[in-house]
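Here the structure comes first, spelled out in structure tokens, and everything after it is commentary.
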Amino acid sequence: MIDEAPSELRQNEIFISYSRRNEDIAQKLVQGLKDRGIDPWFDREDIPRGALWWQQIQNGIVGANSFVFLVSPHSLTSEVCNWEAAYALEQNKRFIPVVVEDVFGDHTLSQALDPLNWTTQDGTLVSAQQNWQRIRQINFIFLGMDSDASLEAGFEAIVQAARTDLTYVEQHTSLLQRAMQWDIRNRQGGFLLTGAEANEAEEWLTDGIHKNPPPQTLQVAFIRASRRAQRNTQRNLLLGVSTALIMTIGLAVLAFGLFQQSQQNLSLSEERGTQVALERDRANTQATAVARERNISESLRLAALSMDAEGEETATLLGIRALASAYTAEAETSLVLALERKGGTHAFRAHDSLCCMALSRDDRQLLAGSQEGEIALWNLTWERDDSLKAQAVYRFQAHEAAVEAIAFSPDGRLFATGGVDRFDDEPYGGFKIWETATGHLLHPLEDVASYGDYRSATFAQNGSLVTVNDCCIQVWDPQSGEQQQSDYAMFLGGRITAAAVSPDLSSYVTANNPQEFDEGFMSITVNWIDAATENVSQRYIPQDVVSVISYLGQDRRVLLGNENGDVTLIAFVADDDPALVEWAGLFKDGTYVEEPFVIENEIHTFRGHANVVTTLAVSPNQEVMMTGSADGTARLWSLVSDELLRTVTARGSRVQTVSFGLGARSFLTAEQDGMIRLWPVDPQDWIALACSQVTRDLYDAQFDFRTTDSEWRQYNIPDRTPTCPQFAGQTFYRY
Numbered sequence: 175m176i177d178e179a180p181s182e183l184r185q186n187e188i189f190i191s192y193s194r195r196n197e198d199i200a201q202k203l204v205q206g207l208k209d210r211g212i213d214p215w216f217d218r219e220d221i222p223r224g225a226l227w228w229q230q231i232q233n234g235i236v237g238a239n240s241f242v243f244l245v246s247p248h249s250l251t252s253e254v255c256n257w258e259a260a261y262a263l264e265q266n267k268r269f270i271p272v273v274v275e276d277v278f279g280d281h282t283l284s285q286a287l288d289p290l291n292w293t294t295q296d297g298t299l300v301s302a303q304q305n306w307q308r309i310r311q312i313n314f315i316f317l318g319m320d321s322d323a324s325l326e327a328g329f330e331a332i333v334q335a336a337r338t339d340l341t342y343v344e345q346h347t348s349l350l351q352r353a354m355q356w357d358i359r360n361r362q363g364g365f366l367l368t369g370a371e372a373n374e375a376e377e378w379l380t381d382g383i384h385k386n387p388p389p390q391t392l393q394v395a396f397i398r399a400s401r402r403a404q405r406n407t408q409r410n411l412l413l414g415v416s417t418a419l420i421m422t423i424g425l426a427v428l429a430f431g432l433f434q435q436s437q438q439n440l441s442l443s444e445e446r447g448t449q450v451a452l453e454r455d456r457a458n459t460q461a462t463a464v465a466r467e468r469n470i471s472e473s474l475r476l477a478a479l480s481m482d483a484e485g486e487e488t489a490t491l492l493g494i495r496a497l498a499s500a501y502t503a504e505a506e507t508s509l510v511l512a513l514e515r516k517g518g519t520h521a522f523r524a525h526d527s528l529c530c531m532a533l534s535r536d537d538r539q540l541l542a543g544s545q546e547g548e549i550a551l552w553n554l555t556w557e558r559d560d561s562l563k564a565q566a567v568y569r570f571q572a573h574e575a576a577v578e579a580i581a582f583s584p585d586g587r588l589f590a591t592g593g594v595d596r597f598d599d600e601p602y603g604g605f606k607i608w609e610t611a612t613g614h615l616l617h618p619l620e621d622v623a624s625y626g627d628y629r630s631a632t633f634a635q636n637g638s639l640v641t642v643n644d645c646c647i648q649v650w651d652p653q654s655g656e657q658q659q660s661d662y663a664m665f666l667g668g669r670i671t672a673a674a675v676s677p678d679l680s681s682y683v684t685a686n687n688p689q690e691f692d693e694g695f696m697s698i699t700v701n702w703i704d705a706a707t708e709n710v711s712q713r714y715i716p717q718d719v720v721s722v723i724s725y726l727g728q729d730r731r732v733l734l735g736n737e738n739g740d741v742t743l744i745a746f747v748a749d750d751d752p753a754l755v756e757w758a759g760l761f762k763d764g765t766y767v768e769e770p771f772v773i774e775n776e777i778h779t780f781r782g783h784a785n786v787v788t789t790l791a792v793s794p795n796q797e798v799m800m801t802g803s804a805d806g807t808a809r810l811w812s813l814v815s816d817e818l819l820r821t822v823t824a825r826g827s828r829v830q831t832v833s834f835g836l837g838a839r840s841f842l843t844a845e846q847d848g849m850i851r852l853w854p855v856d857p858q859d860w861i862a863l864a865c866s867q868v869t870r871d872l873y874d875a876q877f878d879f880r881t882t883d884s885e886w887r888q889y890n891i892p893d894r895t896p897t898c899p900q901f902a903g904q905t906f907y908r909y
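Just so we're on the same page, our numbering is the position in the sequence shown counted from 1, plus 174.
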């Protein structure tokens, strides 16, 4: 901390954005920064009377090196705060979010952000939800208000964040102001950089590739235009000299030689400059790789220490530091296990043996079906840190054997199950419709001939229930229990192993196992069925049996999970393609086509699971896919880059179902041993959750007379930064 403020304060180095509801906190921050030699840009002090206030704010943001945003429910829903945040993000300003009120677990707040959209005075559309999605990716500073010590520690953290690599950030600000001045004046050459300024700007641009904030597009264009102008000036100067001396042949030859030499030197200089830049980039890349490997190694070391630690508090603190060092599956597992030892609110046991799970659309209720035919309903309460509490509502016997399918209606008032019962000592089952509030059976649905395999139950957008067993797809009216439509899709090549129905009921996709009809034919058929015309496009895939299917929702794309652990993304041909296989009346008379057209249109295969893919879910924005497997893991994949983002371990138990919740901020896994676990999509959210449940930092013998040794020294942790934000500034530890 700075004891005395310098005689001349650094003015407007930091811009402060805040809600009027948090003005008292903002005033304290302004004074705290002034005590440390910084006079921040603060609207109460820096907007002259009578000035155009939005233009003054824009100038203040552009002229500041860092943008401090006081995060609270009021600022996230404030029109002007969102204007300011969007403009700062657009200008690639160093963005420092400072949390003054807890917002991370407020489910109501998240829903309130969706409809908030405003247009600035410049005509720019600003979305509160988009702002928050970008801000929450940035490392936060938590401003503790419970004591002067925690408040001072927060001020120090803000100054440290703002002053990190200050020279680079100051150049970023200066070049942004110059570039905007050049752009406003129609990019006139007189406003470009020259000489040493241009050279320094090029070096700054090269260094800034891997820094925060990164160079802005306008800055890059400004610097490149300056370099081109400088080269043109040099060439024009040389050409002028050669023209003036051409009357003397000897001097003209000399001038030409000088010109050629200068061009060669210029080219050589550019080539050397490029080479130096490449070498610098290569060195930076290598240094980054080395640093990452070092962080991963430290993460694995701390994770192992966490797993072996005797005390649950120590295990949690070591797990936090492991995950903060670098993301590894081992670090995440160690922290999750430590939280479970502490009785964390991210897991609960729904049954002793679980088959399937369904989450209501409002994320407030969860249904779990067991291997013994039981149904359990749970009410879910989401905490402010996105953890949850589960309260059992009821449990009853729905089927005599395993519940194989389960689904909520869109409004949550009904649910459907599929499973096996017995009639006259013979297996006889089907689907049933229940009332959610009471668990009362409304309709047992009349089953068609099947072998007792009930693949899935799904409610369409219009409320109809779609059921799939091993022979057919049926559509039902859930209110009356009457059948509306039935398609015997087993005639497409054998028993149905998996199926999916589009939300609007316009098309079906089935996977059929033809080995039931021809033991010599090993390929699986995947069929796209147009519900209105009954036209079919079919593809043979030489792979293991398809176990699960999901619509991707665009361009006739579907995802196929199979028994060897792969997930394949394919797209069927368009309806007007001449290669489309049309089997009119197929479902009426069971016509069999001997040689249907083979559609080769595989897009990508996601490989990673070591056993059958049991479940598959796609996020609402269709950018992320979650898969579960009998190998005891769930995996998060990017559908944009086709990368494996993350693997979570289900403690050796088969993952039966996965489901996204809270607008895809979290996902749930239902495991065969009966455990339901909540996972944040961003693994760094584990740290915030864990920090909310610990009451101390690692022991330090210097400050605790009850310890004989320091945990920092015992676990060889040289970095004494606080494990959690609330421990910043403490001189002793509370227990």
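Positions of the beta carbon are idealized from the N, C-alpha and C atoms, including for glycine.
- With a threshold of 16 other beta carbon atoms within 10 Å, K606 meets it and is buried.
- Contact between N291 and S301 holds, since their C-beta atoms are separated by about 5 Å, short of 8 Å.
- Distance check between F633 and each of N643, V675, A862 places V675 closest, using alpha-carbon atoms only.
- When the Cα atoms are used, V254 and Q351 turn out to be separated by approximately 22 Å.
- In this structure, D595 is the residue among D585, D595, D536 with its C-alpha nearest to the C-alpha of E548.
- Per the coordinates, the alpha-carbon of L743 lies some 35 Å from the alpha-carbon of A477.
- Here W292 is bridged, per DSSP, to V300.
- G517 and L639 have their C-alpha atoms some 38 Å from each other.
- Separation of the CB atoms of V822 and S721 is rounded to 20 Å, and the pair is thereby denied contact status at 8 Å.
- Assigned with DSSP and collapsed to three states, F241 falls in strand.
- Taking G493 as the centre and dropping the five residues before and after it, the same chain places the C-beta of S480, S508, L509, A512 closer than 6 Å to its C-beta, in chain order.
- With a 10 Å radius around the Cβ and a threshold of 16 neighbouring Cβ atoms, Q362 comes out exposed.
- By the CB criterion at 8 Å, A521 and R851 fall inside the cutoff.
- Just so you know, the alpha carbons of V577 and L551 end up roughly 14 Å apart.
- Closest by C-alpha distance to L616, out of R629, A590, R218, is A590.
- C-alpha of I199 to C-alpha of G234: approximately 20 Å in a straight line.
- Judged by DSSP in its simplified three-state form, G364 adopts helix.
- For G637, there is no enclosing beta strand (DSSP E), as DSSP marks it with neither H nor E.
- For N196, the CB contacts under 8 Å within the same chain, skipping 5 residues up- and downstream, are L244, S246, H248, S249, V274, E275 in chain order.
- DSSP lists N701 as the beta-bridge partner residues of Q712.
- In this structure, G613 keeps its C-beta atom at 8 Å or more from the C-beta atom of S534.
- Burial state of V464 is exposed, judged by a 10 Å Cβ sphere holding fewer than 16 other Cβ atoms.
- Per DSSP, E557 is not a residue of any beta strand (DSSP E), being assigned neither H nor E.
- When C-alpha distances from G369 are compared across L287, D357, R401, the shortest belongs to R401.
- Here V242 is actually not in contact with I221; their C-beta atoms are around 17 Å apart, not less than 8 Å.
- For L733 against L810, the beta-carbon gap comes to about 14 Å, at or over 8 Å, which does not count as contact.
- DSSP, read as helix, strand or coil, puts C530 in strand.
- Using a Cβ distance threshold of 8 Å, R466 and A500 count as a contacting pair.
- The three-state reading of DSSP puts Y889 in coil, since its state is none of H, G, I, E or B.
- With respect to the 8 Å criterion, C646 and S660 are classified as neighbours on the basis of their beta carbons.
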